[in-house]
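Notes follow the structure.
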Amino acid sequence: MKKANLIITLLFVLGLAGGSLSAQTTQAQLFAKPGVIGDSLSHGFFGATVEKKTQDWAYPVLVSKQAGASVSYNVLTGPYVNLEAVLKGDCGVFCIAESIIGGNGSTVSLPTHAGITGAEYTTVLRTSGKCKDVTATKMAKEWYWAKWYWYTYRWVEVQDCQEPDKFHQFGLRGAGTQIEIMEKVKPSFLFGTAAANHVLCTALSTTTACLDEARYKKDIRETMRRLAAIGSLKGGVLFTIPNVTAIAFLEPYKDPQGRANYTGLKAFFRNSVSDPNQVLDAGEVATITNFLGMLNSEVKAQGAAMGFAVADLKVVFDDIKENGRLVKSPSGWSPGYARASWPLPNQPGVFGLDGVHPNMFGHSVFANELIKVINAKYDLNISQVSEYTAWYYDSLNRGPIDLKKFLTENIFGQFISWVIGIFV
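Numbering (the working numbering), first residue to last: -4 to 419.
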């Protein structure tokens, strides 16, 4: 009798183990159909445009490829220009004109990668390739026959479809908003962070006026609610936003007259500050820091609620800012530690020339940090991207440009400053 009970117990335990194993989501199942919502970090914006060679290095593309999957997207040819190509003489007047206008290199009817430059959770919900805000309405006259002899009108509410920016036009085309696209795609795995621009706007515009906690929380929660309702998701990944006041786009500035509201952080392409609105002072930096803490806490909470992996990229970036990121070949040779700036001669860097977005090497670092948390969360063994190979084939790291020097010593630099200022 004891032997029989032992056998039954063993079978029960094995049955539980077998059930647990069978319930375990495999890598192939998890990445059967990856989907992407997001912003410029997911879109592949750097230097200051979006085009195929930059899109191919965006983190969702790299991570999906490492996981044995792929994502589809509309290939862009701008708008705006690739600063590196211009400064190295690889893009002349006609090339610049075509890039500023922008367009599509190729298109798909329903992209599985819907991340768009400039997006945030608000635009994930509301902005399509056709309408700036699909929820916007206005009153318009509707004419009708009140009687067979009386043609009159009444005021009715209709959609107010204003033209969106070019990134949304070329990136989403007629497929809908980012969230609508995901509802059609029904992804198995989601790259889902679109939080950066809710706070990055402060660095780009050197003001805190754009901060809106209520809108951010409402829209990230609504986005996650709609994603959860799709029912197809087996997993996903979110990440926290790095300290936006420490990016290469900003640099310290001390007012010669000692005025506190003229002293702080200014855009790197400004030689001086002539208005308090051109600098983030100490009080504004503190406000941004507090907002960033709230924003990242919400990202972590939403990640936990969705059962997603969450990468703390704020911690990663803080470490790069403090200690750099070692670039090392398989043989042991190293060009040094990459810094939280764009590359300089004999000094690798993780940023592109806009001082905001990662370069190709930076995206490989980004991708690897996501792979680490995905592997840990879902018990996978996705191999990492070779950061050395990414650095080796990153033309900006291999042929660095001192943009600051160019902007101050070359008359053409004034034009480049204007181009940079377009997206600010």
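Using N, Cα and C, we set each Cβ at its ideal position, and we do this for glycine too. In this text the structure is predicted, and so the values were computed from the model without any measurement.
> Looking only at its own chain, which residues have a Cβ that is under 7 Å from the Cβ of Ile439, when we skip the five neighbours before and after it?
Replying inline: The structure shown does not extend to residue 439, since the chain spans only -4 to 419, so no value can be given for it.
> Can you name the start and end residues of the beta strand (DSSP E) that Glu152 belongs to?
Replying inline: Segment 145 to 154, the beta strand (DSSP E) holding Glu152.
>> Along the chain, where does the beta strand (DSSP E) containing Ser101 start, and where does it finish?
In response: Counting along the chain, the unbroken beta strand (DSSP E) around Ser101 starts and ends at 99 to 101.
> At which residues does the alpha helix (DSSP H) containing Pro247 begin and terminate?
Replying inline: Here Pro247 belongs to no alpha helix (DSSP H); instead the beta strand (DSSP E) covers 245 to 248.
> Quick one: what's got a C-beta closer than 8 Å to Lys400's C-beta in the same chain, skipping five residues either side?
Replying inline: Excluding sequence neighbours, Lys400 sits near nothing in its chain.
>> Rounded to the nearest angstrom, what separates Asp85 and Ala114 at their Cα positions?
In response: Roughly 29 Å separates the two Cα atoms.
> Taking all protein chains shown into account, do 16 or more other C-beta atoms lie within 10 angstroms of the C-beta of Leu321, making it buried, or fewer, making it exposed?
Replying inline: Note on Leu321: under 16 other CB atoms within 10 angstroms of its CB, so exposed under the neighbour-count rule.
>> Less than 8 Å between the C-beta atoms of Leu291 and Thr235, yes or no?
In response: Residue identity check: residue 291 is Asn in the sequence provided, not Leu. Yes, the pair counts as a contact, with Cβ atoms nearer than the cut-off.
>> My output table needs one value for Thr112: the three-state DSSP class, helix, strand or coil.
In response: Thr112 falls in the coil class under three-state DSSP.
> Does the stretch 266 to 277 come within contact of the stretch 167 to 187, defined as at least 3 CB pairs closer than 8 Å?
Replying inline: With a cut-off of 8 Å, the stretch 167 to 187 and the stretch 266 to 277 do not count as touching, because too few Cβ pairs lie within range.
> Can you round the beta-carbon distance between Leu348 and Ile396 to whole angstroms, since I take them to be within the 8 Å contact cut?
Replying inline: That belief holds up - the Cβ atoms of Leu348 and Ile396 are roughly 7 Å apart, short of 8 Å.
>> By DSSP's criteria, Tyr139 is part of a beta bridge. Which residues make up the other side?
In response: According to DSSP, which records beta bridges pairwise, Tyr139 is partnered with Thr147.
>> For the stretch 142 to 158 against the stretch 211 to 220, do three or more pairs of beta-carbon atoms, one drawn from each stretch, fall closer than 8 Å, so that the two count as touching?
In response: Contact between the stretch 142 to 158 and the stretch 211 to 220 is absent, because fewer than three Cβ pairs lie under 8 Å.
> Whose C-beta lies closer than 8 Å to the C-beta of Gln61 among residues of the same chain, with five residues either side of it excluded?
Replying inline: Answer for Gln61: Ala362, Ile366, Ile377, Ser378, Gln379, Val380, listed in chain order.
> Who are the Cβ neighbours of Leu287 in its own chain at under 6 Å, not counting the five residues just before and after it?
Replying inline: Within the same chain, and ignoring the five residues on either side of Leu287 in sequence, the residues whose Cβ sits closer than 6 Å to its Cβ are Val194.
> Taking the alpha helix (DSSP H) that Gly166 falls in, what are its first and last residues?
Replying inline: First-last of the alpha helix (DSSP H) with Gly166: 161 to 167.
> Roughly how many whole angstroms lie between the Cα atoms of Arg210 and Ala333?
Replying inline: Cα to Cα, Arg210 sits roughly 36 Å from Ala333.
> Under a Cβ-count criterion, where at least 16 other Cβ atoms within 10 Å of its own Cβ denotes burial, should Glu382 be classed as buried or exposed?
Replying inline: Under this definition Glu382 is a buried residue.
> Since Thr218 contacts Val119 with CB under 8 Å, what's their CB separation in whole angstroms?
Replying inline: Yes, Thr218 and Val119 are in contact; Cβ-Cβ is about 5 Å, under 8 Å.
> Within 10 angstroms of its Cβ, does Tyr373 collect 16 or more other Cβ (buried), or is it exposed?
Replying inline: Tyr373 is buried by the Cβ-count criterion.
>> So, under 8 Å CB-CB, Asp389 and Phe356 are touching, yes? Tell me the CB distance rounded to an integer number of Å.
In response: Contact flag correct, Cβ pair sits at about 4 Å.
>> Whole angstroms are fine: how far does the CA of Ala296 sit from the CA of Tyr257?
In response: When rounded, the distance between both Cα atoms is 37 Å.
> Ala299 to Gly231, Cα distance in whole Å?
Replying inline: So the alpha carbons of these two residues sit roughly 11 Å apart.
>> Here's the rule: buried if 16 or more other CB atoms are within 10 angstroms of the residue's CB, otherwise exposed. What is Ala371?
In response: Looking at its Cβ environment, which holds fewer than 16 other Cβ atoms inside 10 Å, Ala371 is exposed.
>> Going by beta-carbon coordinates alone, are Ile225 and Gly110 separated by less than 8 Å?
In response: No.
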